[in-house]
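>
Residue numbers (full-length UniProt numbering): 1 to 586.
#1: Do residue 114 and residue 138 have their C-beta atoms closer together than 8 Å?
#2: Compute the beta-carbon to beta-carbon distance between residue 345 and residue 354, rounded to the nearest angstrom, for a pair I have assumed lies under 8 Å.
#3: Kindly indicate which residue of 5, 147 and 126 has the alpha-carbon position closest to the one of residue 46.
#4: Might you give, ordered along the chain, the residues of its own chain that have their beta carbon closer than 8 Å to the beta carbon of residue 556, omitting 5 neighbours on each side?
#5: Quick check for students: name the residue ranges of the beta strand (DSSP E) that lie wholly in the segment 424-512, counting only runs of 3 or more.
#6: Between the C-alpha atoms of residue 1 and residue 131, what's the straight-line distance to the nearest angstrom?
#7: Report the rounded CA-to-CA distance for residue 63 versus residue 78, giving the unit in angstroms.
#8: By how many angstroms is the C-alpha of residue 135 removed from the C-alpha of residue 293?
#9: By the DSSP assignment, the beta strand (DSSP E) with residue 94 in it spans what residues?
#10: Among the candidates 441, 459, 466 and 519, whose CA atom is the shortest distance from the CA of residue 476?
#11: Residues bridged to residue 568 by DSSP?
#12: Let me check understanding here. Comparing Cα to Cα, which of 509, 437, 317 and 464 lies closest to residue 527?
#13: If distances are taken between C-alpha atoms only, which option among 59, 445 and 76 comes closest to residue 37?
#14: By Cβ distance below 7 Å, which residues in the same chain neighbour residue 378 in space, the five residues on each side in sequence not counted?
#15: Please tell me whether residue 97 and residue 12 are closer than 8 Å, where the distance is taken between their beta carbons.
#16: Classify residue 365 as helix, strand or coil using the three-state DSSP reduction.
#17: Output the boundary residues of the beta strand (DSSP E) element that contains residue 321.
#18: Below 8 Å, how does it come out for the segment 425-441 and the segment 370-388: are there three or more Cβ pairs, yes or no?
#19: On a Cα-Cα basis, can you pick out the residue from 581, 108, 488 and 74 that is closest to residue 126?
#20: Just to confirm, is the Cβ distance from residue 326 to residue 282 under 8 Å?
#21: Straight-line CA distance for residue 18 to residue 524?
#22: Using the C-alpha atoms, what's the distance from residue 549 back to residue 570?
#23: Closest by CA to residue 514, which one among 541, 102, 386 and 551?
#24: For residue 551, which residues from the same chain have a beta carbon less than 8 Å from its beta carbon, with the 5 sequence-adjacent residues on both sides left out?
#25: Which stretch, first to last residue, makes up the alpha helix (DSSP H) that contains residue 290?
#26: With the cut-off set at 8 Å, would you say residue 33 and residue 70 are in Cβ contact?
#27: Helix, strand or coil: which one does DSSP assign to residue 360?
#28: So is residue 544 buried or exposed if we call it buried at 16+ other beta carbons inside 10 Å?
#29: Assuming the contact rule is C-beta atoms closer than 8 Å, residue 502 and residue 461 should be a hit. Round their C-beta distance to whole Å, please.
#30: The alpha helix (DSSP H) spanning residue 579 covers which residue range?
#31: Please confirm whether residue 496 and residue 433 have their CB atoms less than 8 Å apart.
#32: Restricting to Cα atoms, I'd like to know which of 404, 493 and 9 is closest to residue 393.
#33: Secondary structure at residue 67, three-state DSSP: helix, strand or coil?
#34: Once the 5 residues before and after residue 424 are set aside, which same chain residues still bring their CB inside 7 Å of it?
#35: Return the Cβ separation of residue 49 and residue 59 in integer angstroms, given the expectation that the two are a contact with Cβ distance under 8 Å.
#36: By the 10 Å Cβ neighbour count, where 16 or more other Cβ atoms means buried, how is residue 269 classified, buried or exposed?
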């Protein structure tokens with residue numbers, strides 16, 4: 001039996017497979033039959049309760065059984081997953097072929113996931129293979145299904161303790177913030193409700209880029225989601241099917257316009273695989289050199305002979321040649337991807353494009369994501385990859401900094417791109433700026449503030465947050481009564497100098513806005529220290545549920561496909577007032 005790591009794959013030879021899971025807590029198993037784009041054809045492709053069946057798929061008590069030859073026509077993959085009413089703990093996924101153990105995958109969820117895709121059984125060149133995924137969803141099974149094209153109003157997820165799961169099938173509600181921290185932030189806003197739930201376990205701030213899931217394989221600083229082929233070949237390949245790639249774009253629309261976020265993550269995956277190939281070649285070359293040099297001097301009788309010297313020279317030559325070839329291949333890949341990025345930038349919507357892109361002249365097209373900055377590897381090529389996330393924001397953005405003033409231009413960039421992503425909505429910005437660090441930005445926001453003053457006194461925080469939280473609560477009541485109308489306004493809440501000067505009730509209300517904010521069209525941006533140990537409680541739950549953006553150089557982020565480190569250079573709003581106003585649509 002082989003032990004797999006996230007992203008690794010192995011071949012399958014049997015027609016009959018059995019999927020089981022070892023877990024200390026109660027979990028339920030399920031399967032989802034999908035096409036090459038990881039999309040289900042209809043609700044019949046979802047098999048998620050004991051005794052349920054679909055062609056070639058049977059869910060039993062504690063197992064999922066597959067007969068690959070009997071899968072429905074057009075099936076290219078089967079996603080094998082687990083779900084639980086509460087947060088998943090450590091588990092081990094197992095797959096057997098014809099009753100014999102074939103593979104196992106140990107997973108330690110760290111992002112508050114309540115559903116997790118363990119394995120993907122997929123068809124490649126006429127044969128079946130197994131990939132370890134580990135892609136999690138804090139929104140539970142309902143969110144997992146929605147991410148793959150299944151909208152079921154009465155799935156098992158509706159009974160897993162998710163207060164919002166009964167509306168999870170609504171397509172407009174694309175974010176995951178409605179389910180991410182519901183247990184940690186109670187319905188009421190009083191301090192007496194602070195301990196109403198267990199909170200969210202520690203998590204890195206990653207999230208699924210395309211489907212809005214809070215998937216993560218991170219531990220500590222890892223900040224990107226899981227789900228990809230195993231590393232190996234260098235060079236742009238756009239391999240598939242991959243969970244990171246999402247659904248195929250609709251015919252007739254340019255990929256950059258209709259699915260710009262997808263395009264950027266396809267490029268990122270190619271860059272990650274090329275970087276992994278270079279790193280792997282370097283490591284192999286160094287290990288081989290060390291081994292061959294040790295062999296050359298292992299015999300005292302020959303270590304100082306010409307033969308030993310020749311062996312040492314040849315070992316060094318083989319090392320240098322392998323590293324040179326790998327470096328050349330990586331440079332070729334990087335040059336290709338750099339050209340692809342430059343070409344895409346000329347067609348991307350403004351929210352996903354660089355500041356000099358032509359889209360900023362018109363901004364007629366909305367976007368499915370926003371650009372945060374550029375990722376790069378310090379020990380590789382000069383390639384810089386756009387780092388983009390979906391909108392509406394599926395998790396609050398937390399700019400990690402001790403100084404709001406130092407992050408003012410970063411926040412300005414985020415606001416400008418959020419505005420550009422939804423050009424046909426009226427945008428209103430609320431700002432809490434206790435130290436005045438964001439004054440250069442707020443002084444030019446003007447119309448976006450809609451006459452609402454910037455909060456500079458901590459005594460005024462509660463009233464503003466209470467107003468927003470009440471609006472979200474009323475929207476939720478309307479939603480549950482069937483009277484809800486999707487928001488026509490886009491609201492952005494910028495919370496600076498956090499958490500200093502904020503009361504516990506303020507933190508709870510921010511948590512509730514994270515949970516319900518999508519109902520009033522809210523995007524939440526927090527600026528504050530992200531390295532402080534907040535202990536237990538709602539502040540920790542809030543911090544762990546956000547997507548953290550490091551501002552300190554040398555802070556690594558890790559890609560989901562290969563685990564290689566990258567650094568993030570955050571975009572900044574230009575300093576010139578005229579340019580800043582132009583980008584903010586003022």
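Cβ coordinates follow ideal geometry from the N, Cα and C atoms, glycine included.
On the basis of the supplied data:
#1: yes
#2: 6 Å
#3: Checked all of 5, 147 and 126; the closest Cα to residue 46 is 147.
#4: 221, 565, 566 and 567
#5: Runs found: 426-432 and 489-498.
#6: Cα-Cα distance, rounded: 14 Å.
#7: 14 Å
#8: 42 Å
#9: 91-97
#10: 519
#11: 375
#12: 437
#13: Ranking the options by Cα distance to residue 37, first place goes to 76.
#14: 567.
#15: yes
#16: The answer is coil: DSSP assigns residue 365 none of H, G, I, E or B.
#17: Segment 306-345 is the alpha helix (DSSP H) holding residue 321; no beta strand (DSSP E) there.
#18: no
#19: 74
#20: Yes, they are a contact pair.
#21: 43 Å
#22: 8 Å
#23: 541
#24: 399, 400, 401, 406, 407, 410 and 570
#25: Where residue 290 is concerned, the enclosing alpha helix (DSSP H) stretches over 260-297.
#26: no
#27: helix
#28: buried
#29: 6 Å
#30: 577-583
#31: yes
#32: 493
#33: strand
#34: Excluding its 5 nearest sequence neighbours in each direction, residue 424 has C-beta neighbours in its own chain below 7 Å: 366, listed in chain order.
#35: 6 Å
#36: buried
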